[in-house]
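Contents: one structure, followed by commentary.
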Amino acid sequence: MKQYKPLIDDWQAFKHACKRPALSTVRKNSIRAGKNFEERLKERFDEVEQSGWNSEVFRLPGEKTPGKSMMHWLGEYYVQEESASLPVQALNPEKDERILDMCAAPGGKTTQIASKMENDGEIVANDDSSRRLKSLHANIYRTGSASVSVTNYDGRRIQENRKYDRILLDAPCTGEGDRARRKFEPADQYEKKNLSELQKQLGEKAETLLKEGGKMVYSTCTINPQENEEVVEYLLENTGLQLEKIEMNPDHRKGVNSFEGNQYGQEMNKTVRIYPHHFESGVIYVAKFRK
Ligand SMILES: C[S@@+](CC[C@H](N)C(=O)[O-])C[C@H]1O[C@@H](n2cnc3c(N)ncnc32)[C@H](O)[C@@H]1O
1 MKQYKPLIDD
11 WQAFKHACKR
21 PALSTVRKNS
31 IRAGKNFEER
41 LKERFDEVEQ
51 SGWNSEVFRL
61 PGEKTPGKSM
71 MHWLGEYYVQ
81 EESASLPVQA
91 LNPEKDERIL
101 DMCAAPGGKT
111 TQIASKMEND
121 GEIVANDDSS
131 RRLKSLHANI
141 YRTGSASVSV
151 TNYDGRRIQE
161 NRKYDRILLD
171 APCTGEGDRA
181 RRKFEPADQY
191 EKKNLSELQK
201 QLGEKAETLL
211 KEGGKMVYST
221 CTINPQENEE
231 VVEYLLENTG
241 LQLEKIEMNP
251 DHRKGVNSFE
261 GNQYGQEMNK
271 TVRIYPHHFE
281 SGVIYVAKFR
291 K
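Sequential numbering from 1 applies to the sequence shown in my numbering.
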């Protein structure tokens, strides 16, 4: 990861956080959470702390298996990293809207959208991997996310006969900031380039599927700017999308303006990078657009 040192706000803290185990966090599911959710969570787990910027998220320090509880099986909460809850917070879906989650499996963010809308509206959860659709279906069922219908297209081929109020593009990426998948190992240039191309194509398609005035959030769990700021810059130059400032204020560093000789515009200050030392979680990059 040393090559990314210029991108990191506190290199020592970053290095140490990458070596520590992730902090377990759960997100309340408003559809299934019963009465006194927080009190029962505190009875079930030794330590419970509410997140300072997202009141739906609870940290469980010292807990290793938050998925092994009756509250989880009943769908009262979803096990989700604190940083991973940012894209949907930024998307800010509202009741009665039509939402597309373009790359949805296994459904962490789809079920978060359904929870925020309290199942009032229409959510299309798409993913091109039929294997991963199984876990998407299971999570939709467990969380009671009845407003969700599932489709199985390559996102670049979704038909344009319906337009959406908001679109989440939680893009396939190299996952350099995904602790479980890659243990913070950098990806090779070939993989980064291929995924960057796919991300740009998915972003262009998302723009055509968005209503005028609609909102689109782009997110990845990777560090390199090729899959983040470069994709955002491409979309600004080649589509009718404009960047919007993300109004949440979790600990973060702003998107970068340059890296290894490549310049990205000042606009990148409106995008957000969260690193492992900010929340003891994985990396996330988030950009919000308006059409
Ligand atoms: C980062 S994961 C999505 C995680 C999910 N949003 C969540 O929060 O649980 C990216 C997903 O993109 C899917 N994917 C990859 N290429 C795709 C494509 N061309 N069209 C649609 N989905 C694709 C993968 O199968 C994978 O499930």
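In this text, a Cβ means the ideal position worked out from N, Cα and C, and glycines have one as well. Quick caveat: nothing in here was measured; it's all calculated off a predicted structure.
Next item on the list: Indicate, with yes or no, if ligand 1 has a heavy atom lying under 6 Å from the CB of S129.
Entry: In the sequence shown, counting from the first residue as 1, residue 129 sits at position 129. Yes, Cβ of S129 sits closer than 6 Å to a heavy atom of ligand 1.
Item checked: Where V232 sits in the DSSP three-state scheme -> As a first step, residue 232 must be located in the sequence shown, where it is residue number 232. DSSP places V232 in the helix class (H, G or I) of the three-state scheme.
Item checked: Residue range of the beta strand (DSSP E) that includes Q242 -> Working through the sequence shown from its first residue, we reach residue 242 at position 242. It spans 242-244 - the beta strand (DSSP E) in which Q242 sits, taken as one unbroken run.
Next item on the list: Tell me whether R20 sits in a helix, a strand or coil according to DSSP, three-state version.
Entry: Indexing the sequence shown from 1 puts residue 20 at position 20. If DSSP states are grouped into helix, strand and coil, R20 belongs with coil.
Note to self: Suppose the cutoff is 8 Å on Cβ atoms and the five residues either side in sequence are ignored; what does the same chain contact list for D120 look like?
What the structure shows: Here residue 120 refers to the residue found at position 120 of the sequence shown. Closer than 8 Å at Cβ, skipping near neighbours: K95, D96, S147.
Checklist line | Cβ-heavy atom distance, D178 to ligand 1, below 6 Å | finding: The count along the sequence shown starts at 1 and reaches residue 178 at position 178. The answer is no for D178.
Next item on the list: Would you give the residue range spanned by the alpha helix (DSSP H) that N139 belongs to?
Entry: One-based indexing of the sequence shown puts residue 139 at position 139. 130-142 is the extent of the alpha helix (DSSP H) around N139.
Margin query: Here's a check: name, in chain order, each residue in its chain whose Cβ is nearer than 6 Å to the Cβ of G177, leaving out the five neighbours to either side.
Written below: By one-based count along the sequence shown, residue 177 stands at place 177. If we look at G177 and ignore the five residues flanking it on each side, its Cβ neighbours are C221, T222, I223, G282, V283.
Checklist line | First through last residue of the beta strand (DSSP E) which encompasses Y78 | finding: Here the question's residue 78 lines up with position 78 in the sequence shown. Unbroken beta strand (DSSP E) run through Y78: 77-79.
Check: Using a threshold of 6 Å, is the CB atom of G108 nearer than that to any non-hydrogen atom of ligand 1?
Finding: Position 108 of the sequence shown holds residue 108. At least one heavy atom of ligand 1 is nearer than 6 Å to the Cβ of G108, so yes.
Item checked: Outcome for T271 when other beta-carbon atoms lying within 10 angstroms are tallied against a minimum of 16 -> Position 271 of the sequence shown holds residue 271. The residue is buried, with at least 16 neighbouring Cβ atoms inside 10 Å.
Check: Is A104 near ligand 1, judged by its Cβ being under 6 Å from some heavy atom?
Finding: The sequence position of residue 104 within the sequence shown is 104, counting from 1. Checking the Cβ of A104 against ligand 1 gives yes.
Next item on the list: Tell me whether G155 counts as near ligand 1, meaning its Cβ is closer than 6 Å to at least one heavy atom of that ligand.
Entry: For this step, residue 155 is matched to residue 155 along the sequence shown. Yes, the beta carbon of G155 sits closer than 6 Å to at least one heavy atom of ligand 1.
Margin query: Let me check you understand the geometry: is the CB of P93 closer than 6 Å to at least one non-hydrogen atom of ligand 1?
Written below: By one-based count along the sequence shown, residue 93 stands at place 93. Distances taken from the Cβ of P93 to the heavy atoms of ligand 1 include none shorter than 6 Å.
Margin query: Taking the straight line between their C-alpha atoms, what separation do you get for H252 and R162?
Written below: As a position in the sequence shown, residue 252 is number 252, starting the count at 1. As a position in the sequence shown, residue 162 is number 162, starting the count at 1. Distance between the alpha carbons of H252 and R162: 35 Å.
Next item on the list: Return yes when the Cβ of E244 is within less than 7 Å of the Cβ of K291, no when it is not.
Entry: On the sequence shown, position 291 is the one that residue 291 refers to. On the sequence shown, position 244 is the one that residue 244 refers to. Not closer than 7 Å, so no.
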